[in-house]
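Peer 1: Going by my numbering, the residue at position 171 of the sequence shown is 165; the numbering climbs one at a time, nothing skipped.
Here a beta-carbon is modelled for each residue, glycine too, at the ideal position from N, C-alpha and C.
In this text, all values refer to a predicted model and were calculated from it rather than measured experimentally.
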Amino acid sequence: MPDNELTEVLVEKFADIFQGLTSACGRLYADEKRGWCNKTPVTLQQYGNHLTGTTYRHSLGIYPLQSDGNVWFCAIDSDNHNEEDQAQLAENAAALRDKLSDLGIIAHIERSKSGGYHIWIFFCEPVPVAQARRLLRQAWQEAIGGTTPEIFPKQDSFDGLNYGNFINLPYFPPSVKNNRRVVTDGGTALTLEQFLDIVRRHTRKELNTALAMLPKEPEQPPKTATNKERPAVRNGFKDLLPCAKNFMEKGALNGPRRPALFRLAAHMNRANYPYEIALTSVRIADEKNSPPILDEFGPDELEHHVKSAYNGKNGAGYVSLGCDEADWVTRFCTGKETCPVHERPSPEQEFALDWEGNPEVKKQKIIVVNNRSLPSITEEALAALAASNYPEILFNRAGEITKISHIQEKDKHCHSFTRPVLKSVNEASLRGYLARSARYVKAREKSGDVKYLPAIPPPELVRDIMSLDNLPLPLLRGITQVPIMRGDGSLFITPGYDAGTSLYYAPEPGSSLPEIPDRPVKTDVEASLGRLRDILADFPFDSGASWANILAAVITPVLRDLIAGPVPMLLIDKPLQGTGASLLSDVISMISTGASSYMTTAPEGRDREDEWRKRVTSILSAGRPVVVIDNVEDVFHSSTLCALLTSVNWSDRILGRNEIINLQHRTCWVITGNNIRLAGDLPRRCYRVRLDANRARPWQRDQNEFRHPYLTKYVKENRGALLAAIFTLARAWVLAGQPAPVKAPPMGSFEEWREVIGGILEFADVNEFLGNAAEIYENAEINEGIEDLIESWHKVFGSKPITVKQIEREITFNAEFRDVLPDWLDPSERGFTRKLGRVLARKSGVYFTNGYKLEKCGAIHRAFLWKVDLVM
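Structure below.
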């Protein structure tokens, strides 16, 4: 598949489906019949290279069996060894698919490279390999019978040493051109996108249900000393190189015995034979030595050589083939004509082949990295990086190189979905991007001739680029999953980067937006408002103000880019659980992001503000558009949130590093709970929606009462129409001259939000926006009980100045005075006087509604004096 058709989302989906062992992978070269084990970590880039054909000389193979003995997929390999059997192979594949379907398992058929068929089954969670293999083995016997073809993986357990056999993945472009290595449906070849859309993955429960429907397998007789697999060990060694086979046939002859036995074990390790088989093979080869090592030194000597070959340095295994060892070559090498190792190109030859066989590589700039100054290399590297950054994938966000990454997650139905997030590019990632943007070489001069050898971007270059402030990369403010509405009412609907707003539009896969009127009229506005009213019809709002406020909450994340300033936090309050607050927050998030809301909880303990700070930095770094603080109990207050909600920027130290990160704050916050009481400065930073079902058990409402019993499903299916309704309301307001709201009360620090959202709602004839603002202050914890305390204070002390300590003594000995304390002021709590002092400081100079005023009036012995006056 060409690069311009492949997206990171497709690669991540493909990698998630075909995930296996992460410490090694396989490579199948086009001019070789067998593959090679590549003992390097498996990366997403390798999956991408496989799908694009970037490494066109070899494709990617995955070892299905993971180190914990589980698999994410399993496959039967029904090869085409005889053209006359082609029809029978196709019939067998279809029969197996149908049998598995009868068992509740959906299989996918791939036309393999050899012309045969791979029949795949996939799982959405790791399952025991023995159970997966048993399912395919017994299903084959039930459907076809006879000899069961190879099943990948080929073993029922992981011994810690042997990787098993890798299986080549489908959709390698050179084979796809010939209709090979593609998944088919009813004989029709599917594209990669089509396959990823229909692929079905099963749970462990579904696997167990299918196995329960099959007859029990007969127990295998236990292995005894006479039931060893020794003949199979002697049979062929077709995966070994000719030199190792030659040694197996001839023995060590007159040369050194122990190095040859060690080399044989190393070859078997390279060919992925289990340790036990290698040990048996070494013993068989040792029988031809004269005298055998076993007779002369005992079995421990043989085991020592095999362990050394399999463990090697740092336990990685000794995998050198020995072509540079004269003793091995002179005694056992069969020559270049018969050994595939000698046919593989050298690094220099591979470099030349890249130039000859890949036209895109020829266009890349050559950057020499040796014998040059670092600034000059950096200048060329940045120019090449900027030139290759189209369409835009790298950005400058808050002075850091950032990329858009798509994280794959699973919902409760085990269906995968992707969510875009912002990620900082580290040194390793940046080195990869640099290496793909240009050809880095080292110049070598010999006898007057200059040769260029392949190189990778040096670490000094990577660190120098990451230290620069002014990078030739587009600026990025954030990421959005809804089309971007600009200030003139125009919409940016093309997925990707919008230079006008410095935002990246990453829509949900498969989403679409209906046509929006260029100049909406009154009927368009009424229809759009009716569509939004429809999805909110089942919620028991306590007033018209709550209904208007929830409309504001629904449209705010979608139109966030029209609002220059901060946005207040939405408070969804209710008397009982089960009234629908969490569902309502999901609706808000589903419309703006296409997924359920991101939930977090309020941290507790002495370090809660520090935890809030870390959590906020993490949330803003990921660019989450909507965050819900769910199920808050009792009193809620956070000085960190107070500071955040009135800010458009956020600065914090990067965790684990002595650096400060500066982030734009574009997140919309929601808090839900039962009868929430806000404290501190939070009341004036929130707007309220109150739900009240007027029944004892609101969660037991009959579904027949609901207009939309499955609301989130309905919202997801109609998300495009709901977004179109919001954009219609906004465009009508913009084209009308953006009239300011008249009826909405002022809201300090959030003037821009009130003017935009309030203006849109009033233009649509929604007139009770922020109409319940006073209720937040009335129910705020910081006021609850304070006025009663102030009144009792005046009755006890009059207008006499007193200290906090005097108040504490009066509370101790005066039960009536103690009884008027608010619940949140507990005199038995440690630090009570400090807490009371902070409360008085916040209320200094305040006129209370009961006619009293609290004032600070000097100090005595470094303690503040306070008095209460009756002013009316």
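Quick check on C680: does DSSP put it in helix, strand or coil?
Peer 2: Correct three-state label for C680: strand.
Peer 1: CA-CA distance, F117 and K440?
Peer 2: Looking at the two C-alpha atoms, the distance is approximately 57 Å.
Peer 1: Any chance the segment 558 to 577 sits against the segment 658 to 666, with 3 or more Cβ pairs inside 8 Å?
Peer 2: Counting Cβ pairs under 8 Å, three or more are found: they touch.
Peer 1: Which runs of the alpha helix (DSSP H) at least 4 residues long sit entirely within the segment 648 to 719? Give them in chain order.
Peer 2: Fully enclosed alpha helix (DSSP H) runs of 4 or longer: 705 to 711.
Peer 1: Relative to the alpha-carbon of P569, which residue among E502, R195, R812 and V683 has its alpha-carbon at the smallest distance?
Peer 2: The option with the nearest alpha carbon to P569 is V683.
Peer 1: Which runs of the alpha helix (DSSP H) fall wholly inside the segment 66 to 115 and span at least 4 residues, in chain order?
Peer 2: With a minimum length of 4 residues, the continuous alpha helix (DSSP H) runs that stay inside the segment 66 to 115 are 80 to 96.
Peer 1: Measure the alpha-carbon distance for K799 versus T827 and round it to whole angstroms.
Peer 2: Distance between the alpha carbons of K799 and T827: 7 Å.
Peer 1: Under the three-state reduction of DSSP, which class applies to P534: helix, strand or coil?
Peer 2: Correct three-state label for P534: coil.
Peer 1: So, is S822 buried or exposed, given that buried needs 16 or more other C-beta atoms within 10 angstroms?
Peer 2: Exposed, since its Cβ has fewer than 16 Cβ neighbours within 10 Å.
Peer 1: Mind checking W693: buried by the 16 CB within 10 Å criterion, or exposed?
Peer 2: So W693 counts as exposed.
Peer 1: Rounded to whole angstroms, how far is the Cβ of I770 from the Cβ of W727, which I believe are closer than 8 Å?
Peer 2: That belief does not hold up - the Cβ atoms of I770 and W727 are roughly 26 Å apart, past 8 Å.
Peer 1: Considering only residues of the same chain and omitting the five flanking positions on each side of E211, which have a CB-CB separation below 7 Å?
Peer 2: Hits under 7 Å: R128 and Q132.
Peer 1: Please state whether DSSP places T218 in a helix, a strand or coil.
Peer 2: Bear in mind that a pLDDT of 35 at T218, under 50, signals an unreliable position, so the number given afterwards is only what the model happens to contain. The answer is coil: DSSP assigns T218 none of H, G, I, E or B.
Peer 1: If we count the other Cβ atoms within 10 Å of its Cβ and call it buried at 16 or more, is D675 buried or exposed?
Peer 2: Buried is the call here.
Peer 1: With which residues is K397 paired in a DSSP beta bridge?
Peer 2: L388 and K417, per the DSSP bridge assignment.
Peer 1: Could you have a look at I361 and say whether DSSP puts it in helix, strand or coil?
Peer 2: Strand, per DSSP.
Peer 1: With distances taken from CA atoms, which of I720, F791, S151 and P451 is nearest E520?
Peer 2: When only C-alpha atoms are compared, the closest one is I720.
Peer 1: Could you check which residue in A259, S284 and G494 has the C-alpha nearest to that of G245?
Peer 2: For the residues A259, S284 and G494, the minimum Cα distance to G245 belongs to S284.
Peer 1: Taking the continuous beta strand (DSSP E) assigned at G472, which residues delimit it?
Peer 2: Counting along the chain, the beta strand (DSSP E) containing G472 begins and ends at G472 to T474.
Peer 1: So what's T412 in DSSP terms, helix, strand or just coil?
Peer 2: If DSSP states are grouped into helix, strand and coil, T412 belongs with the strands.
Peer 1: Which whole-angstrom value is the C-beta distance of N383 and L467, which I expect to be below 8 Å?
Peer 2: Contact holds; Cβ gap of about 7 Å.
Peer 1: Have a look at F12 and L530 and give me their C-alpha separation to the nearest angstrom.
Peer 2: One C-alpha to the other measures close to 41 Å.
Peer 1: Once the 5 residues before and after P215 are set aside, which same chain residues still bring their CB inside 6 Å of it?
Peer 2: For P215, the predicted structure reports a pLDDT of 46, less than 50, and the residue's modelled location is therefore unreliable. A value from the coordinates is still provided. Correct list: empty, nothing qualifies.
Peer 1: With a threshold of 8 Å, are at least 3 pairs of Cβ atoms found where one atom belongs to the segment 744 to 751 and the other to the segment 802 to 819?
Peer 2: Segments in contact, no.
Peer 1: Would R678 be called buried (16 or more neighbouring beta carbons within 10 Å of its own) or exposed?
Peer 2: Buried, by the Cβ-count rule.
Peer 1: How would you label K107, buried or exposed, when you count the other beta carbons within 10 angstroms and need 16 or more for buried?
Peer 2: By the 10 Å Cβ count, K107 comes out buried.
Peer 1: Going by DSSP, what residue range makes up the beta strand (DSSP E) through I56?
Peer 2: Counting along the chain, the beta strand (DSSP E) containing I56 begins and ends at H52 to I56.
Peer 1: With distance defined between alpha-carbon atoms, name the residue in D443, I387, F146 and P448 nearest to S418.
Peer 2: The candidate whose alpha carbon is nearest that of S418 is I387.
Peer 1: Return helix, strand or coil for G831, following the three-state DSSP convention.
Peer 2: Residue state, collapsed to three classes: helix.
Peer 1: At what residue ranges does the segment 502 to 566 contain a whole run of the alpha helix (DSSP H), taking only runs of 4 or more?
Peer 2: Runs of the alpha helix (DSSP H) inside the segment 502 to 566: 516 to 529 and 538 to 552.
Peer 1: Return helix, strand or coil for H44, following the three-state DSSP convention.
Peer 2: Residue state, collapsed to three classes: helix.
Peer 1: Could you pull out every residue in the same chain whose Cβ sits closer than 7 Å to the Cβ of I670, ignoring the five residues on either side in sequence?
Peer 2: Here the set comprises L565, D567, V626 and F630.
Peer 1: Taking the CB atoms as reference points, tell me whether P534 and D696 lie closer together than 7 Å.
Peer 2: Taking 7 Å as the Cβ cut-off, P534 and D696 do not qualify as a contacting pair.
Peer 1: For chain D, find out if any of its Cβ atoms is closer than 7 Å to the Cβ of S540; answer yes or no.
Peer 2: Chain labels in this structure do not include chain D; a single protein chain is all it has.
Peer 1: Just the Cα atoms here: how many angstroms apart are H261 and V36?
Peer 2: If you take the alpha carbons of H261 and V36, they lie about 23 Å apart.
Peer 1: Is H855 helix, strand or coil by DSSP?
Peer 2: In this structure, H855 counts as coil in the three-state DSSP scheme.
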